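For reference, the structure is listed below as structure tokens.
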Amino acid sequence: MSSLCVLGLGYIGLPTASIFATKGRRVLGVDVSASVVETISSGRIHIQEPDLDVLVRAAVQSGNLKAATKPAAADVFILAVPTPFVVSADGARKPDLSFVEAAARSIAPVVASGNLIILESTSPVGTTEKVKGWLEAELAQLGRKVDGLLYAHCPERILPGQMLKELVSNDRICGGLTSAAAEKARDLYATFCTAQIFLTDARTAELAKLTENAYRDVNIAFANELSLICDKLGIDVWELIRLANRHPRVKILQPGPGVGGHCIAVDPWFIVDAAPAEARLLRTAREVNDSKPPHVVAQVRAAAGPGAVVACLGLAFKANVDDLRESPAVEIAAHLAAAGLKVLAVEPHVTTLPEALQGRAELVPLADALARASVVVLLVDHRSFAGLTLAQIAGKKLIDTRGMVRA
Ligand code: SAJ
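According to our numbering, the stretch in the sequence shown is residues 22 to 428, in order.
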């Protein structure tokens, strides 16, 4: 069975490396962080995802998953490193491919003829070709001649919160620079993927992944725009959506305080960057979703007197996860604190506040926050807030960005 080297041990690389290891493949997981490597080598994890700890422990205990800070020879290399964007001087969002480039170049000393190189990171169209170019340039620098390398893009589609289930059960797309590369990648993922695996070229696979997240972003923007319209017209947006969704071909998503996470708020920009004149709807959707956090801040400030105590319910980027990165809830709480309001944050999934709120807010239990605040802002629809009723917040101002509080 072929051996693997997985570069990047984050939300995608770690579950992928681990599942291959538990299926009997020898896997070297590589991360630039020595502390991540140490944590994983001892069978523990540095990120939170249901059951991931069990999978990683099993993979390490089987002897099949090892971790290191440098790549080593393998039959297959999987690049699963971050692809953020940078904001240029004119405000345009440009993809930052520096991590992909560094990962591609780093395997040049160990890559061998016939190896398969898979890009899993969500990437702008043309990145798989760039990976080939970077690796070939590095090989030339090293004076190494390596023939018959195969390149494919096999994007991940797993949903934070249910990654392990979706890793196995989601259909996959394997896009090759050649059809031989796509076929080889398909055979590899069939090791653990029980769903269908579709073959295409690398550019189509790249755009397919971006399209999936842009589609969701546009749909959320539709709901968020309705919430702005309803605020203006004095109509209950939740009732409106519930009623409109009784039409057999209408399925509107839920408005919220903005779109967070590392994917949906990022990926559409890669399409906008590649086709700025054409991607008008996608750009507008991003702008609508990005306008929600300041809108919520303005609503709270209008409701709260100077120095008022505000309870912010939820800090995570979405329901029932503990991930606070790129979270509109954190952004809103930080702005409220900066505006001189006393912020009480309630986030049952964490024990410490994120950096943006340290020294500026208090992390308190729900009951404490409800007892002390004069304004309550519901930001995340965590299960633990599901029982909240209007009676519990009688006498206080309520801004419910998720339509959760019941009569
Ligand atoms: N949100 C709303 N209203 C909704 C649905 C979501 O405001 O009706 C907000 C959430 O609160 C959150 C954001 O959108 O802030 C994104 O959450 P999400 O659950 O829609 O998606 P992610 O970012 O957790 O995962 C997405 C998924 N993509 C799609 O569903 C098309 C996942 O399958 C991808 O693998 C992941 O991005 C990724 O890594 O690309």
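We treat Cβ as the ideally placed atom computed from N, Cα and C, and that holds for glycine. No experiment lies behind these values; they were computed from the predicted model shown.
**Prompt:** Which full runs of the beta strand (DSSP E) of 3+ residues lie inside the stretch 316-381, going along the chain?
**Reply:** 330-334 and 363-367
**Request:** Out of V293, A390 and L274, state which residue places its alpha-carbon closest to the alpha-carbon of V331.
**Result:** As a first step, residue 331 must be located in the sequence shown, where it is residue number 310. Among V293, A390 and L274, the Cα nearest to that of V331 is on A390.
**Prompt:** Residue range of the beta strand (DSSP E) that P116 falls in?
**Reply:** Reading the sequence shown from its first residue, position 95 is the one you call residue 116. Start and end: R114 to P116.
**Prompt:** How should K186 be labelled, buried or exposed, when 16 other C-beta atoms within 10 angstroms of its C-beta is the threshold for buried?
**Reply:** Sequence index remark: in the sequence shown, residue 186 carries index 165 (1-based). Per the 10 Å Cβ criterion, exposed.
**Prompt:** Would you say the stretch 391-403 touches the stretch 320-335, given that touching needs at least three Cβ pairs under 8 angstroms?
**Reply:** yes
**Prompt:** CB of K186 to nearest heavy atom of ligand 1: below 7 angstroms?
**Reply:** Taking the sequence shown and counting its residues from 1, one reaches residue 186 at position 165. Every heavy atom of ligand 1 is 7 angstroms or more from the Cβ of K186, so no.
**Span separating the alpha-carbon of L231 from that of K44** = In the sequence shown, the residue the question calls residue 231 occupies position 210. In the sequence shown, the residue the question calls residue 44 occupies position 23. Cα to Cα, L231 sits roughly 29 angstroms from K44.
**Message:** At a cut-off of 7 angstroms, would you count I256 as near ligand 1, judging by its Cβ distance to the nearest heavy atom?
**Reply:** Indexing the sequence shown from 1 puts residue 256 at position 235. No, since every heavy atom of ligand 1 falls outside the 7 angstroms radius drawn around the Cβ of I256.
**Asked** What are the partner residues of F219, as DSSP defines its beta bridges?
**Response** One-based indexing of the sequence shown puts residue 219 at position 198. F219 pairs with I194.
**Message:** Going by the DSSP bridge assignment, what does T410 pair with across the sheet?
**Reply:** Working through the sequence shown from its first residue, we reach residue 410 at position 389. According to DSSP, which records beta bridges pairwise, T410 is partnered with R427.
**Where K339 falls, given that 16 or more other Cβ within 10 Å makes a residue buried** = Residue mapping note: residue 339 aligns to position 318 of the sequence shown, counting from 1. It counts as buried.
**Asked** Is the beta carbon of A216 within less than 7 angstroms of some heavy atom of ligand 1?
**Response** Locating residue 216 in the sequence shown gives position 195, counting from the first residue. No, the Cβ of A216 stays beyond 7 angstroms of every heavy atom of ligand 1.
**Asked** Alpha carbon to alpha carbon, how far is L30 from A415?
**Response** As a first step, residue 30 must be located in the sequence shown, where it is residue number 9. As a first step, residue 415 must be located in the sequence shown, where it is residue number 394. L30 and A415: Cα-Cα distance of roughly 47 angstroms.
**Which listed residue (A296, G64, C333 and G279) has its alpha carbon closest to that of V309** = For the purposes of this step, residue 309 is taken as residue 288 along the sequence shown, with counting starting at 1. Among A296, G64, C333 and G279, the Cα nearest to that of V309 belongs to G279.
**Request:** Please find out if some non-hydrogen atom of ligand 1 comes closer than 7 angstroms to the beta-carbon of E233.
**Result:** For the purposes of this step, residue 233 is identified with residue 212 of the sequence shown, where counting begins at 1. Checking every heavy atom of ligand 1 against the Cβ of E233, one is found closer than 7 angstroms.
**Request:** For D168, count neighbouring Cβ atoms within 10 angstroms of its own Cβ and tell me buried if that reaches 16, exposed if not.
**Result:** Walking along the sequence shown from the start, residue 168 turns up at place 147. By the 10 Å Cβ count, D168 comes out exposed.
**Item:** Bridge partner(s) assigned by DSSP for G50
**Value:** Start at 1 with the first residue of the sequence shown, and residue 50 comes out as number 29. Answer is V27 and A88.
**Prompt:** Relative to ligand 1, is the shortest distance from any of its heavy atoms to the C-beta of C284 smaller than 7 angstroms?
**Reply:** If you number the sequence shown from 1, residue 284 lands on position 263. Indeed, a heavy atom of ligand 1 lies less than 7 angstroms from the Cβ.
**Message:** Tell me which residue opens and which closes the alpha helix (DSSP H) that G210 is part of.
**Reply:** Within the sequence shown, residue 210 is the residue found at index 189, counting from 1. Looking at the sequence itself, residue 210 is Tyr, so the reference to Gly does not match. Start and end: S200 to Y210.
**Request:** Name the two residues that bound the continuous beta strand (DSSP E) containing L9.
**Result:** The question about residue 9 has no answer here: the residues shown for the chain are numbered 22 through 428.
**Request:** Could you tell me if the beta carbon of P71 falls within a distance shorter than 7 angstroms of some heavy atom in ligand 1?
**Result:** Working through the sequence shown from its first residue, we reach residue 71 at position 50. No.
**Asked** Among P145, P130, V75 and A94, which one has its Cα closest to the Cα of E117?
**Response** Residue 117 sits at position 96 when you count from the first residue of the sequence shown. With the sequence shown as reference, residue 117 is identified as Asp, and Glu is not the correct amino acid for it. Looking at the Cα atoms, P145 is the closest of the given residues.
**Request:** Just mark M22 as buried or exposed, buried being the case when its beta carbon has 16 or more other beta carbons within 10 Å.
**Result:** Here the question's residue 22 lines up with position 1 in the sequence shown. Its Cβ having fewer than 16 others within 10 Å, M22 is exposed.
**Asked** Cα-Cα, which of K417, T372, D402 and L357 is closest to R381?
**Response** The residue labelled residue 381 in the question sits at position 360 within the sequence shown. Cα-wise, what sits closest to R381 is L357.
**Asked** So is R307 buried or exposed if we call it buried at 16+ other beta carbons inside 10 Å?
**Response** For the purposes of this step, residue 307 is taken as residue 286 along the sequence shown, with counting starting at 1. By the neighbour-count rule (16 or more Cβ atoms within 10 Å), R307 is buried.
**Message:** Just to confirm, is the Cβ distance from I139 to L156 under 8 angstroms?
**Reply:** Residue numbering aside, residue 139 sits at position 118 when the sequence shown is read from its first letter. Residue numbering aside, residue 156 sits at position 135 when the sequence shown is read from its first letter. No, the Cβ-Cβ distance between I139 and L156 is not below 8 angstroms.
**Asked** Is it a yes or a no for the stretch 100-120 touching the stretch 60-73, going by three-plus beta-carbon pairs under 8 angstroms?
**Response** no
**Asked** Once you ignore the five residues that flank P276 on each side, which residues in its own chain have a CB closer than 7 angstroms to its CB?
**Response** Your numbering for residue 276 matches position 255 in the sequence shown. Contacts found: A244, N245, L247, S248 and V258.
**Rounded C-alpha distance that separates G335 from R423** = Numbered from 1 along the sequence shown, position 314 holds the residue referred to as residue 335. Numbered from 1 along the sequence shown, position 402 holds the residue referred to as residue 423. Between G335 and R423, the C-alpha separation is close to 11 angstroms.
**Item:** Beta-carbon proximity of V351 to L302, cut-off 8 angstroms
**Value:** Start at 1 with the first residue of the sequence shown, and residue 351 comes out as number 330. Start at 1 with the first residue of the sequence shown, and residue 302 comes out as number 281. Cβ atoms of V351 and L302: not closer than 8 angstroms.
**heavy atom of ligand 1 below 7 angstroms from I292 C-beta** = Taking the sequence shown and counting its residues from 1, one reaches residue 292 at position 271. No, the beta carbon of I292 sits no closer than 7 angstroms to any heavy atom of ligand 1.
**Asked** When the distance is taken between beta carbons, is R178 closer than 8 angstroms to E233?
**Response** Residue mapping note: residue 233 aligns to position 212 of the sequence shown, counting from 1. Residue mapping note: residue 178 aligns to position 157 of the sequence shown, counting from 1. Yes.
**Message:** Can you confirm whether the stretch 78-97 touches the stretch 36-54 when touching is taken to mean that 3 or more C-beta pairs between the two stretches lie within less than 8 angstroms?
**Reply:** yes
**Prompt:** Which residues in the same chain as A201 place their Cβ atom closer than 7 angstroms to its Cβ, once the five residues preceding and following it in sequence are excluded?
**Reply:** As a position in the sequence shown, residue 201 is number 180, starting the count at 1. Excluding sequence neighbours, A201 sits near L171.
**Request:** Inspect the beta-carbon positions of L137 and A94 and report whether they are closer than 8 angstroms.
**Result:** Position 116 of the sequence shown, counted from the first residue, corresponds to residue 137. Position 73 of the sequence shown, counted from the first residue, corresponds to residue 94. Their beta carbons are not under 8 angstroms apart, which means L137 does not touch A94 by this criterion.
**Prompt:** Is any heavy atom in ligand 1 found nearer than 7 angstroms to the beta carbon of I194?
**Reply:** Taking the sequence shown and counting its residues from 1, the one referred to as residue 194 is at position 173. Outside the cutoff, so no.
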